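Accompanying notes for the structure given below.
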Amino acid sequence: MKKIILTLCIAASLFSCGKKEKSVDEIIDTGEISQIREKKSELTTKQTELKAEIEKLNDEIEKLDTISRSVLVSVEKLQDSIFKHYVEIQGDVETDKNIILYPEFSGVLSKIYIKEGDEVRKGQLLAKIDDGGLSSQLAQSETQLALAKTTFERQERLWDQKIGSEIQFLEAKTNFDAMKNSVNQLRSQLAKTIVKAPFSGTIDKVFSDQGEVVSPGANQLFRLVNLDEMYIVAEVPETYLGKIRKGSDVKVVLSSIGKEFEGKVEKVANYINPNNRSFEIRVSVPNSDGTVKPNLIATVKLNDYTATNAITIPQNILQENSKGEKIAYLFQSEDGNEGVAQKVLVETGLSYNNKIEVTKGLESGQTIIVEGARTIRDGQEVKTKN
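For reference, each letter of the sequence shown is one residue, going -17 to 368 in this note's numbering.
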């Protein structure tokens, strides 16, 4: 009986020793979230333990290494500066002076006075539509108006002298007023046969040909564009509503034409779009050379945070320990360009363009290790390049 029990114990022991631990991929393939979480927790614990053991080994190596090996680093002296953070959004270039001109009168486009690419002034004659005899009607009506005016003036003088009847006076006045209205109406209609530039700009496109029959709302005549008054419209998430205001600094990049400029927010909308929870801003665009065109895509960088007397360091020099604390290294000089690295825990704020603001742990006037900061340890001997 004892032999049987002993045999079973040995078999169980051999089975347990030969049992293979599941790999990460095998655990993931099971789809059991409890097993996955358990494995993650196990690996995290091992990682923390390994980090602590490696640090112990590094410290012991440092103590036992009798050969002095100073690490070559570069340093930078900290000083107060102005730190600005920007948020990037996309916008479109627009202009209010980008319109298509339509005819206001039906008829034959008898004359076109301009061509594509021409620069025109406000009020300049662009085209003429045949009036279909309207000018002759106007001339006749103006003659009748002159007669009605003379008749009315004579009747008015007689009426002032108590000569003639009131009916004659009123008839002359009514006829004169009616003729004036008729002439004004004909003049207004005739003015619609002349197409003028509503503002100064460039004829970007001619849509209709001379001799073509055109009518209001049916035919496009010209596209007139003015590139002097351009602006960018962009939609900003509502979370920045309290940070972006009229006058806020902006940087604009028009990558398609390789142009960059700085400016100010010209206008902030008072309306939040419920569909995407954003509000519109407007930024003027300088365009003295005419290279900026409507509908270009712009990258708008909005200054949402500014700190004066800020301490900033390169973001990539920071290390992080097992507790999640951020570490930087100061250079403590012992003999000119030789010294030791001193570990310091820091607290940071926002970062932009590889610069991060240090809110706690560093002061102006201290010397920080920049190049080589991610490969050194606390108390390690270093030598500076600069």
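C-beta: ideal position from N, C-alpha, C; glycine also. Being a predicted model, the structure only gives us computed values, none of them experimental.
Roughly how many angstroms separate the alpha carbons of GLU37 and ILE295, rounded to a whole number?
The residue given as residue 37 occupies position 55 in the sequence shown. The residue given as residue 295 occupies position 313 in the sequence shown. Going by the C-alpha atoms only, they are around 26 Å apart.
Would you tell me roughly how many angstroms separate the C-alpha atoms of LYS246 and LYS325, rounded to the nearest one?
Along the sequence shown, read from residue 1 onward, the residue named residue 246 stands at position 264. Along the sequence shown, read from residue 1 onward, the residue named residue 325 stands at position 343. Answer to the nearest angstrom: the Cα atoms are 42 Å apart.
May I ask you to check if the CB of ASN335 is nearer than 8 Å to at least one heavy atom of the ligand SAM?
Here there are no bound small molecules, and the ligand SAM is not part of this structure.
VAL232 and GLU98 - do their beta-carbons sit closer together than 9 Å?
Counting from 1 along the sequence shown, the entry for residue 98 is found at position 116. Counting from 1 along the sequence shown, the entry for residue 232 is found at position 250. For GLU98 and VAL232, no; Cβs fall outside 9 Å.
I believe SER123 touches MET161 by the beta-carbon criterion, under 8 Å. Please report the beta-carbon distance rounded to the nearest angstrom.
Counting from one through the sequence shown, the residue named residue 123 turns up at place 141. Counting from one through the sequence shown, the residue named residue 161 turns up at place 179. A Cβ-Cβ distance of about 7 Å is found for the pair SER123 and MET161, placing them in contact under the 8 Å criterion.
On the DSSP bridge assignment, give the partners of MET212 in chain order.
Residue numbering aside, residue 212 sits at position 230 when the sequence shown is read from its first letter. The bridge partners DSSP lists for MET212 are THR77 and VAL267.
Going by other Cβ atoms of all chains shown within 10 Å of its Cβ, with 16 needed for buried, is VAL364 buried or exposed?
Translated into the one-based positions of the sequence shown, residue 364 becomes position 382. Counting Cβ neighbours within 10 Å, VAL364 comes out buried, since at least 16 surround it.
Does the Cβ of THR175 have 16 or more other Cβ atoms within 10 Å, making it buried, or fewer, making it exposed?
If you number the sequence shown from 1, residue 175 lands on position 193. Around the C-beta of THR175, 16 or more other C-beta atoms lie within 10 Å, and the residue is accordingly described as buried.
So, for GLY229: in the same chain, excluding its five sequence neighbours on each side, which residues have a beta-carbon less than 7 Å away from its beta-carbon?
Translated into the one-based positions of the sequence shown, residue 229 becomes position 247. Cβ within range, chain order: LYS246 and VAL247.
For the region 273 to 344, which segments carrying the beta strand (DSSP E) assignment without a break, of at least 3 residues, lie completely within its bounds, in sequence order?
279 to 296, 308 to 317, 320 to 334 and 337 to 342
Report, in whole angstroms, the separation of the C-beta atoms of LEU206 and GLY183, which I expect to be a contact under 8 Å.
For the purposes of this step, residue 206 is taken as residue 224 along the sequence shown, with counting starting at 1. For the purposes of this step, residue 183 is taken as residue 201 along the sequence shown, with counting starting at 1. Yes, they are in contact, since the Cβ atoms of LEU206 and GLY183 sit about 5 Å apart, within 8 Å.
Kindly indicate which three-state DSSP category ALA200 falls into: helix, strand or coil?
Counted from its first residue, the sequence shown places residue 200 at position 218. Coil.
For the beta strand (DSSP E) that ALA109 lies in, which residues bound it at each end?
On the sequence shown, residue 109 is found 127 positions in, with the first residue counted as 1. Its beta strand (DSSP E) spans residues 107 to 111.
I want to know whether the region 54 to 66 touches the region 339 to 354 - three or more CB-CB distances under 8 Å.
At 8 Å Cβ cutoff, the stretches touch.
Given a threshold of 16 other Cβ atoms within 10 Å of its Cβ, counted over all protein chains shown, does LYS283 qualify as buried or as exposed?
One-based indexing of the sequence shown puts residue 283 at position 301. That one is buried.
List the whole-angstrom C-beta distance separating TYR222 from ASP286, where the pair is believed to meet the contact cut-off of C-beta under 8 Å.
Numbered from its first residue, the sequence shown carries residue 222 at position 240. Numbered from its first residue, the sequence shown carries residue 286 at position 304. Confirmed, about 6 Å.
Between the beta-carbon of ASN201 and the beta-carbon of TYR84, is there less than 9 Å?
Here residue 201 corresponds to residue number 219 of the sequence shown, with the count starting at 1. Here residue 84 corresponds to residue number 102 of the sequence shown, with the count starting at 1. Their beta carbons are under 9 Å apart, which means ASN201 touches TYR84 by this criterion.
On a CA-only basis, which of VAL6, GLY347, GLU244 and LYS337 is nearest GLN314? Give me that one, please.
For the purposes of this step, residue 314 is taken as residue 332 along the sequence shown, with counting starting at 1. The shortest Cα separation from GLN314 among VAL6, GLY347, GLU244 and LYS337 belongs to GLY347.
DSSP state of THR156, grouped into three classes?
For the purposes of this step, residue 156 is taken as residue 174 along the sequence shown, with counting starting at 1. Correct three-state label for THR156: helix.
What three-state label does DSSP hand LEU223 in the structure shown?
Residue 223 sits at position 241 when you count from the first residue of the sequence shown. LEU223: coil per DSSP, three-state reduction.
Might you give, ordered along the chain, the residues of its own chain that have their beta carbon closer than 7 Å to the beta carbon of LEU127, omitting 5 neighbours on each side?
The residue labelled residue 127 in the question sits at position 145 within the sequence shown. Cβ neighbours of LEU127 beyond the five flanking positions: MET161, LYS162 and VAL165.
Quick check: the Cα distance between GLU302 and VAL6, rounded to an integer number of angstroms?
Taking the first residue of the sequence shown as 1, we reach residue 302 at position 320. Taking the first residue of the sequence shown as 1, we reach residue 6 at position 24. Distance between the alpha carbons of GLU302 and VAL6: 26 Å.
Could you give the residue range of the alpha helix (DSSP H) that holds ASP142?
Indexing the sequence shown from 1 puts residue 142 at position 160. Note, ASP142: alpha helix (DSSP H), 116 to 142.
Compute the distance between the beta-carbons of ILE254 and ALA216, then report whether it is under 9 Å.
If you number the sequence shown from 1, residue 254 lands on position 272. If you number the sequence shown from 1, residue 216 lands on position 234. No; because the gap between Cβ atoms is not below 9 Å, this pair is not in contact.
Can you name the residues that DSSP bridges to PHE65?
Here residue 65 corresponds to residue number 83 of the sequence shown, with the count starting at 1. Note: PHE65 sits in a beta bridge opposite ALA289.
Residues in its own chain within less than 6 Å of VAL234 by CB, not counting five upstream and five downstream?
Sequence index remark: in the sequence shown, residue 234 carries index 252 (1-based). Result list for VAL234: PHE243, ALA280 and VAL282, in chain order.
I'd like the list of long-range same chain contacts for VAL195, defined as Cβ closer than 6 Å, with 5 residues on each side in sequence excluded.
Position 213 of the sequence shown holds residue 195. These residues qualify, in order along the chain: VAL90.
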